[in-house]
Amino acid sequence: MIDWRFLTLDDIEWVTKVGKQMFADSEWKEGEYDAKKIEKYLHHVASHPLYMCGLIGLKDDKKAGFLIGQIGEYRFMNKLIARENELCILPEYRGSMVAITLMKKFIEWAKTMKADEILFEPSTNGDINKFDAMAKRLGMEVTSKTYRKKL
């Protein structure tokens, strides 16, 4: 069974650990993972539910992934945008509907916060087409690409 709940302070250690695993497989793996910075950030997420959203995805009552996002106003117009910052699913739970469930719950949260739109900005370590398929299932469309250059 797939389920979810909001992030609590008790989840910070687990999210930090999972984040470190994901970091090791990411485009940023050459950098230095700062667990203390992540823990501070997660305390901020858990403590500010009016503009931060932390979700834990569960599969058969086991933690399977997390989503962190926030809501804010566009700098160039008076509309609210909900933005996903991190969507991490443990490899053994990919394809299990955990990601879709978290994305749907984040969209629901954004609606309750009166967001005008929502953005997901994936950085995948694999096939972007899998994320595209999930986003399209949720009625989303591609609006841009992200480019990066190491300096």
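Take any residue in the sequence shown, note its place counting from 1, add 1185, and you have its number in the numbering used here.
Ideal placement from N, C-alpha and C gives every residue a C-beta, glycine not left out.
- For M1282, no alpha helix (DSSP H) run applies, since DSSP gives it neither H nor E.
- DSSP assignment within the segment 1222-1301 yields the following whole alpha helix (DSSP H) runs of 4 residues or more, N-terminal first: 1283-1297.
- Taking 8 Å as the upper bound for CB-CB distance, M1319 and M1298 are not in contact here, some 22 Å apart.
- Each residue's CA atom was taken as its position, placing A1231 and T1193 some 6 Å apart.
- Shortest Cα-Cα distance from S1281 to any of K1202, I1223, G1239 and K1315 involves K1315.
- In the structure shown, F1208 falls within a helical segment according to DSSP collapsed to helix, strand and coil.
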